[in-house]
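Chains as they are written, first to last, in full-length UniProt numbering: chain B, 1 to 416; chain Y, 1 to 129.
Each residue gets a CB set at the ideal place from its N, CA and C atoms; glycine is no exception.
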Amino acid sequence: MQRYSGFGLVKHAFGHHENWERQWRNPEPKKQYDVIIVGGGGHGLATAYYLAKEFGVRNVAVIEKGWLGGGNTARNTTIVRSNYLWDEAGRLYNHSLDLWKGLSQDLNYNVMFSQRGVLNLGHTLQDMRDIQRRVNANRLNGIDSEVVTPQQVKEIEPEIDISNRARYPIMGASWQKSAGVARHDAVAWGFARGADSHGVDLLQNTEVTGFKIRDGKVLGVHTNRGDIEAHTVGCVAAGNSGVLAKMAGIKLPLESHPLQALVSEPLKPILNTVTMSNHVHGYVSQSDKGDLVIGAGIDGYLGYGQRGSYPTIEHTLQAIVEMFPMFSRVRMNRQWGGIVDTCPDACPILSKTDVKGLYFNCGWGTGGFKATPGSGHVFAASLAKGEMHPIAAPFSIDRFHTGALIDEHGAAGVAH
Amino acid sequence: MFYILCPYCKEHREEEEFHPRGQAHLMRPEDPDNTTDEEWGDYLFFRDNPRGIHHEMWVHSVGCRKFFNITRNTVTYEILETYPMGEQPTITADDPSVRHEQGAQVADGGWQTVGARPENTALNEETSS
Ligand SMILES: Cc1cc2nc3c(=O)[nH]c(=O)nc-3n(C[C@H](O)[C@H](O)[C@H](O)COP(=O)(O)OP(=O)(O)OC[C@H]3O[C@@H](n4cnc5c(N)ncnc54)[C@H](O)[C@@H]3O)c2cc1C
Ligand SMILES: [Zn+2]
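Take a look at the structure:
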């Protein structure tokens, strides 16, 4: 692998940047691998990277039906935070946040992780009680989090409207200073390049169309490029997880919904942080290019079409103008949707299944980008050992029959 | 934007008047006291989530406020029929006329790639159980 550095940049300037090495190979599928990862999004690529780098499993393929990171990884609004309510979720997301801090160095790839902080606004007494409860729970778990007043909100984000003229005046917020945003494409590409350099085969334009299962054990997958064998298969397919599970005869408690986002024309720097509100239902940050990055909740119906309805966009923009009236005349540039795999308790599934050797990592719904490194790390550990990693163990599919749900609707409804 | 025919109002109205309420035809276990955790969990949390034909419940929330069902394609978003509560769909995923269009997609225009074909049993021949 060609390492990137400031010196390299200068050196390649002399060659008019025409001689950069390709970031990863485009290999032919082998007949057999130790581990197959289905889904080349951030989570799948991170899993492959950590498998090869930390757990010594190098005979690995990532099978992706489209292009790397073309699913939700490239469609999300890149918010990274860890202020979840319950201990299990707090541990998982905070493990990820710890990895984010050193990720650019580890991958030798600038993922542009920017810890610019996240505000979760409260507009009612109940909002404020929930915020206080969550902040206290966070602090007990060593997650940085504090309750701030409307005046402090205004100091952090000067253009926000904290007046009483608003329909739902801001009564306060929770503030996670170590949270922020990262560049989604770079995350997928950085993990892909890292995995490839450790020998992982990245098989693009290869679609898994079925599983080879005998005597309750997985033996491999069928693809449009032929059969590929492996005794360990990890499915990391976000919105299409249910479709894959059905091929293996497994049921998952997931519903696939459209989730939309939009960006504005580029503006001069105007926002310092990420501001989200469950109550008025929307969130906004500003990318380094200058566009406002805007999103909100899912479209309520099932959808695999990677697009949603206009009323959802309209409500989202109403919320943004409610918080930042000065944005009312900003023009929007682009709008799109992803297919998010929502889980009944708003927490992911990292689990073994009834088929031996077949694992699922899914159900991240509207909020899995932030978990990309942590999810990949604990899932890789689980696949390598054949036992779920302690941080992943509470997220088993069993919880929907035992009742041990991890209800994060408060921390993960509108906020991603 | 959906344009939905309410089977009670007998009028096409815009999506904003309605609210989706999830999978249709779910049966609450008849004898809750003698239901296993497995059955309760399935009833509460596990849904079909198909790529293709889906029967779902909607409510005409700012119209007649009645519940009814829709048969819709979750890939093309095409609404195939609406019918009142208590009735059965006339179009299902097993219907040969709708089958071939399931998962039919093009690579541009925001879609991913050709859809998986879970209904293709030949591919899963080796699947025991
Ligand atoms: C609009 C939007 C905004 C979001 N905002 C945020 C946010 O601010 N913060 C946050 O933390 N999260 C956010 N999310 C959620 C986040 O994007 C996802 O949880 C996360 O990216 C999931 O990553 P993944 O790698 O699991 O899935 P994906 O990136 O979707 O990857 C799954 C891959 O599997 C492939 N695949 C599927 N079926 C098959 C098959 N049969 N064979 C081969 N390959 C297959 C797909 O092509 C896809 O590339 C948002 C999502 C959306 C849509
Ligand atoms: Zn009606």
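By the three-class DSSP mapping on this structure, what secondary structure does residue i have?
i	result
residue 318 of chain B	helix
residue 151 of chain B	helix
residue 397 of chain B	coil
residue 36 of chain Y	coil
residue 61 of chain Y	coil
residue 352 of chain B	strand
residue 21 of chain Y	strand
residue 373 of chain B	helix
residue 364 of chain B	coil
residue 1 of chain B	coil
residue 53 of chain B	helix
residue 138 of chain B	helix
residue 84 of chain Y	strand
residue 346 of chain B	coil
residue 112 of chain B	coil
residue 105 of chain B	helix
residue 262 of chain B	strand
residue 180 of chain B	strand
residue 416 of chain B	coil
residue 194 of chain B	helix
residue 313 of chain B	helix
residue 101 of chain Y	Caution is warranted here: a pLDDT of 42 is assigned to residue 101 of chain Y, below 50, making its placement in the model unreliable, and the coordinate value is therefore given only provisionally. If DSSP states are grouped into helix, strand and coil, residue 101 of chain Y belongs with coil.
residue 330 of chain B	coil
residue 75 of chain Y	coil
Can you have a look at residue i and say buried or exposed, based on whether 16 or more other CB atoms are within 10 angstroms of its CB?
i	result
residue 404 of chain B	exposed
residue 395 of chain B	buried
residue 99 of chain B	buried
residue 323 of chain B	buried
residue 208 of chain B	buried
residue 13 of chain B	exposed
residue 283 of chain B	buried
residue 7 of chain B	exposed
residue 140 of chain B	exposed
residue 328 of chain B	exposed
residue 26 of chain Y	exposed
residue 115 of chain Y	Here residue 115 of chain Y scores only 33 on pLDDT, less than 50, and its place in the model should not be relied on; the value that follows carries that caveat. Flag for residue 115 of chain Y reads buried.
residue 24 of chain B	buried
residue 216 of chain B	exposed
residue 348 of chain B	buried
residue 158 of chain B	exposed
residue 364 of chain B	buried
residue 1 of chain B	exposed
residue 366 of chain B	buried
residue 3 of chain Y	exposed
residue 164 of chain B	exposed
Bridge partners of residue i, per DSSP?
i	result
residue 128 of chain B	Its beta-bridge partners do not exist; DSSP assigns none.
residue 391 of chain B	In the DSSP output, where bridge partners are listed per residue, residue 391 of chain B has none listed.
residue 4 of chain Y	Y/13
residue 173 of chain B	B/121 and B/148
residue 24 of chain B	Its beta-bridge partners do not exist; DSSP assigns none.
residue 61 of chain B	B/36 and B/201
residue 158 of chain B	DSSP, once it has assigned bridges, lists no residue as partnering residue 158 of chain B.
residue 56 of chain Y	Y/23 and Y/70
residue 283 of chain B	B/276 and B/295
residue 222 of chain B	B/210 and B/227
residue 217 of chain B	B/214 and B/356
residue 30 of chain Y	Looking at the DSSP assignment, residue 30 of chain Y forms no beta bridge with any residue, so it has no partner.
residue 341 of chain B	B/256
residue 336 of chain B	B/261
residue 234 of chain B	B/37 and B/359
Check whether the Cβ of residue i lies closer than 8 Å to any Cβ atom in chain C.
i	result
residue 340 of chain B	No chain C appears in the structure shown, which is made up of the protein chains B and Y.
Should residue i be counted as a contact of ligand 4 given a C-beta to heavy atom distance under 7 Å?
i	result
residue 207 of chain B	This structure lacks ligand 4; the ligands present are ligand 1 and ligand 2.
- Task: Give, in chain order, every residue of the segment 25-44 of chain Y whose Cβ lies closer than 7 Å to some Cβ of chain B.
- Result: Taken in chain order, the members of the segment 25-44 of chain Y whose beta-carbon sits within less than 7 Å of a beta-carbon on chain B are 37, 38 and 41.
- Neighbourhood of ligand 2 [Cβ distance below 6 Å to any heavy atom], ordered by chain position: Chain-ordered list of matching residues: Y/6, Y/8, Y/9, Y/60, Y/63, Y/64 and Y/66.
- Name the residues in the UniProt domain "Rhodanese" (35-79) of chain B whose C-beta lies less than 8 Å from a C-beta of chain Y; which are they? Residues of the UniProt domain "Rhodanese" (35-79) of chain B whose Cβ lies closer than 8 Å to any Cβ of chain Y, in chain order: 65, 66, 70 and 71.
- Item | Residues from the segment 386-402 of chain B in contact with chain Y, defined by Cβ distance under 8 Å | If the cut-off is 8 Å between Cβ atoms, the segment 386-402 of chain B has 400, 401 and 402 near chain Y.
- Message: For the segment 284-317 of chain B, list every residue whose C-beta sits within 8 Å of some C-beta in chain Y, in sequence order.
- Response: Answer in chain order: 300, 301, 302, 303, 304, 305, 306, 307, 309, 310 and 311.
- What are the residues of the segment 245-262 of chain B that lie near chain Y, defined by any Cβ-Cβ distance shorter than 7 Å? Within the segment 245-262 of chain B, the qualifying residues are 246, 247, 249, 251, 253, 254, 255 and 256.
- Item | Residues in the segment 58-69 of chain Y having any Cβ partner in chain B nearer than 7 Å | Within the segment 58-69 of chain Y, no residue qualifies.
- Listed in chain order, which residues of the segment 1-22 of chain Y have Cβ atoms closer than 9 Å to some Cβ of chain B? Those residues of the segment 1-22 of chain Y that come within reach of chain B (Cβ to Cβ, closer than 9 Å) are 1, 2, 14, 15, 16, 19, 20, 21 and 22.
- Taking a Cβ distance cut-off of 9 Å, strictly less, list which residues of the segment 74-85 of chain Y are near chain B, in chain order. So the close ones are 74, 75, 76 and 77.
- Query: Just by C-beta distance, which residues in the segment 363-380 of chain B are closer than 9 Å to chain Y?
  - Reply: Cβ contacts with chain Y come from no residue of the segment 363-380 of chain B.
- What are the residues of the segment 327-354 of chain B that lie near chain Y, defined by any Cβ-Cβ distance shorter than 8 Å? Taking 8 Å as the Cβ-Cβ cut-off against chain Y, the residues of the segment 327-354 of chain B that qualify are 336, 337 and 344.
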